[in-house]
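Notes to accompany the following structure.
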Amino acid sequence: MTTRSDIIAALPLDFAATVDPVRAAPSAARATPNQPIARRRRLHKKPALRNRGRAAHWTYDTSIPPTRRDQLQVRRWRRAAPPSDSADTSPAASKFAKYDIKAEVPAYDDETYAQHLTHPDWTKDETDRLFATYEDCYGKWPVIADHYVADSHKTMEEMKSRFYSISATLLNLQTPMTAMTASEYSAYDVLKSFDPLKEASRKKLAEGHLRRPRNEVDEETVLLSELQRIMLHQNTLDSEREDLRRRLQHPVADQNGYQYSTSQALTTLWQQLLAADRMKKTQRLRPLDISGARPSQSGAAANLPGADTTTSATPQTAQQSVVDMSKQDLQRFGVMVVQAGQEKLPTGISFASDKLSKPRVAKSSLQTDKIAATLTHIGVPELIPLPTLAVVEQFERIMAKMQVLLDLRKVAEKEEQELRVRGAEMGV
Amino acid sequence: MPAAPSKRVKGTQIRRHFLIGNTAHVLPHPGFPDPPPDGHTKGWTVYVRPLPNGPDITTWLKKVQFKLHHTYADASRTIEAPGPFEVSETGYGEFGVEIRLYFAQESGEKAVYREHYLVLAPYGPDDQRARQERENKIVAERLETIEFNEPTQEFFKTLTSEDQFNWLKVKKGRGKGKKPDYIFEGAVEPTAQLPEKAMDPGQAGAGGAWSVQYERQVLAQLQQSGATLDQMIEEEKRGMEERRRRLEELGVAIGAK
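Chains as they are written, first to last, in my numbering: chain W, 1 to 428; chain G, 1001 to 1257.
Now the structure itself:
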């Protein structure tokens, strides 16, 4: 049983001088003049300690042989003969031996060194010392960098590169490259591809990143968001620029138009054009029975509606009036003339949006479903709200391709069936 | 018919864009009876409108008949020219509105039916829905193009007269006794085609969002879809080649047996 006197004897301290602060006179224990003395009062009577017989015995052990290389003196309290546990008879040192991990260090001998591992910056001595330090410091490079002592100063990256290159060469010697397994080869590759300069700069960059001042960070976020906004609007900007460019590039007349400003000159021009037209195979112009041609420069015709110059309602003049209307007017009033080669116009009234919806419906509902599925798959919306000529054309093209695709698929199914039958035949 | 049908202008087709659609608001909302009748949560307006910079729609459209759901009193509403062709009502359910368009006398055409599905709930991608809820205004409209094939001569004349744009122009008197000058003072030139740029996207209900720009967007989207379709066709063709090869192999193998 350990008593207080045992403890005092064991510790090499001089206890005589110290005074038990609790039992001492209250006046000496005041920390500050105004602090009340807390006299320890027992609120209940503590039962006197009874169980003195069964206390465990502990011995103070100073003689543990250190298993470490550095002469560390270890003193330890050991429990003597515990009542229940009898298996614990091994010396305490080995209890912790399993935690004594050694780092994996590739080993080389002198000949190998002389043959493969020489390096202009590293002497054999330094290399050996590096490896010893590595083993000591359990492969933790910051620690190794600190502990490494040599004549020439080596940075951590240099040491790392030397170590890895030696490891790689040794690995290569052990099992030649062609005989390596995948994991071995990947390890070898990693070791080989260590670049000290790159690593050093990378770490410096990371460090700088860590220590960035606040305003730099803010500046960078603002710039990044700007950039993102620009990228997003790139498309719209591009299309607007294209628009502008197109408008600026209006066709420039290569001839001076002023020679035709008098009405006489205009009539002569008209006659010339008429004559030229008569020469051609298909006559596009018709001789007017009114004198004076009208100026056909673009933009000037906006104020003259073309159809009302002839007032008689004969088909001849109505036909003429279509042709007479300048192209601009035709556009303005939405008049479309049938071109040669186009199919006949439907009679009565038709709607353009029908052209976008009717082709989607097929004879059988199964086909309709297939068409609908394919359309959604390629991203054509169910309702296209803008049925202009160009859109309708594009849609018709898509529908034609769709028909081709569906036919191909049908043929594919039949061929698959055929193949299966033949395959079964083969098996038989 | 008592009078012989007048001759038609061959080989021509006149197209007119117009908008069919509806707006919807959650009640209460100015412009609709307050408090709303029992159970009616939305107020809506279904309309037929011209393009904001286009020729007058009453040139060819004389009367519009909206056929609402049979549960509405007076389910068949008729609006004649000139008034704005729209019907405002309150309700809670979506249904298909049958719209009957009556044309001008000189066209000699019968009336046609179009259907428009009344949309009352927010729709579309998330941000669009959020915007609709925020502004408490849902617009569902589409551009329709009516094509008059081989119109009669009188019709052709009315449809190509400059007077159609008068409704956009401002009268400027020129002194007594003379006809007032009509001068166009708007931002966009009046034309029957789509305007170059969206005029005023804010007025979605008034058709300001339709433009050549939008057309280009739709075209780009369709082109992309076409490209995807091309890819799929390529794949199918490759599959076909593959199958043909296998068929041949099998045929040879069977023959050799």
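Heads up, the beta-carbon is just placed ideally off N, CA and C, and yes, glycines get one too.
Neighbours of W:Q394 in chain G, taken as residues whose beta carbon is under 8 Å from its own, are L1219, L1222, Q1223 and G1226 in chain order. Identification of residues in the segment 1237-1251 of chain G having a C-beta nearer than 9 Å to some C-beta of chain W yields K1237, G1239, M1240, R1243, R1244, R1246, L1247, L1250 and G1251, given in sequence order. Beta-bridge partners assigned by DSSP to W:T59: W:R78. The C-beta of G:P1055 comes closer than 9 Å to at least one C-beta of chain W. Under DSSP, W:H119 shares a beta bridge with W:W122. Contacts with chain W (Cβ-Cβ distance below 8 Å) from the segment 1115-1145 of chain G involve E1141, R1142, L1143, E1144 and T1145, listed in chain order.
Check the Cα spacing between G:T1145 and each of W:A424, W:K414 and W:L386: the tightest is with W:L386. When DSSP states are grouped into helix, strand and coil, W:K410 belongs to the helix group. For the segment 342-359 of chain W, residues whose beta-carbon sits nearer than 8 Å to a beta-carbon of chain G comprise L345, P346, T347, G348, I349, S350, F351, A352 and S353. Nearest to W:R409 by alpha-carbon distance, out of G:A1256, G:N1149, G:G1255 and G:K1237, is G:K1237. Against chain W, the CB of G:I1099 has no partner CB under 9 Å away; the residue lies outside that interface. Between G:K1257 and chain W, the shortest Cβ-Cβ separation is below 9 Å. In the three-state scheme derived from DSSP, where H, G and I count as helix and E and B as strand, W:W141 is classed as helix.
The beta carbon of W:S161 sits closer than 7 Å to the beta carbons of F194 and P196 from its chain, once the five residues preceding and following it are set aside; these are given in chain order. Contacts with chain G at 9 Å (Cβ-Cβ) include W:S239. Contact check between the segment 1084-1102 of chain G and the segment 1044-1061 of chain G: three or more CB pairs, one atom from each, fall below 8 Å, which counts as touching.
W:R41 and W:W58 have their C-alpha atoms roughly 32 Å apart. Taking all protein chains in view, the Cβ of W:H44 is surrounded by fewer than 16 other Cβ atoms within 10 Å, so the residue is classified as exposed. Counting along the chain, W:E157 sits inside the alpha helix (DSSP H) bounded by residues M156 to Q174. Taking C-beta atoms under 8 Å as the contact rule, G:G1021 and G:S1088 fail to qualify, at a distance of about 13 Å. Spanning the alpha carbons of W:R129 and W:T112 requires a straight line of approximately 17 Å. The beta carbons of G:L1019 and G:R1142 sit closer together than 9 Å. A Cβ-Cβ distance of about 6 Å is found for the pair W:L356 and W:V392, placing them in contact under the 8 Å criterion. Counting other Cβ atoms within 10 Å of its Cβ, W:G208 stays below 16 and is therefore classed as exposed. Taking one beta carbon from each stretch, the segment 1107-1121 of chain G and the segment 348-362 of chain W have 3 or more pairs nearer than 8 Å; the two touch. Here G:Y1117 carries a strand assignment [DSSP, helix/strand/coil].
Close to G:F1148, with beta-carbon spacing below 9 Å, are these residues of chain W in chain order: G348, I349 and S350. Between the beta-carbon of W:I371 and that of G:S1225 there is about 13 Å, and that puts the pair past the 8 Å contact cut. Contact of W:R214 with chain G is not assigned, every C-beta pair being separated by 9 Å or more.
By the criterion of at least three beta-carbon pairs nearer than 8 Å, the segment 1075-1089 of chain G is in contact with the segment 1057-1064 of chain G. Close to chain G, meaning a Cβ-Cβ distance shorter than 9 Å, are the following residues of the segment 402-421 of chain W: M402, V404, L405, L408, R409, V411, A412, E415, E416, E418 and L419. Sequence-distant Cβ neighbours of W:A168 in its own chain, meaning closer than 8 Å and more than five residues away, are Y188, L191 and K192.
Scanning its chain for C-beta atoms nearer than 6 Å, with the 5 sequence neighbours on each side dropped, one finds around G:Y1117 the residues G1096, in chain order.
Exposure of W:W77 is indicated by the presence of fewer than 16 other C-beta atoms within 10 angstroms of its C-beta. Nearest CB-CB separation between W:L386 and chain G: below the 9 Å threshold. Annotation for G:F1155: the continuous alpha helix (DSSP H) segment containing it runs Q1153 to L1159.
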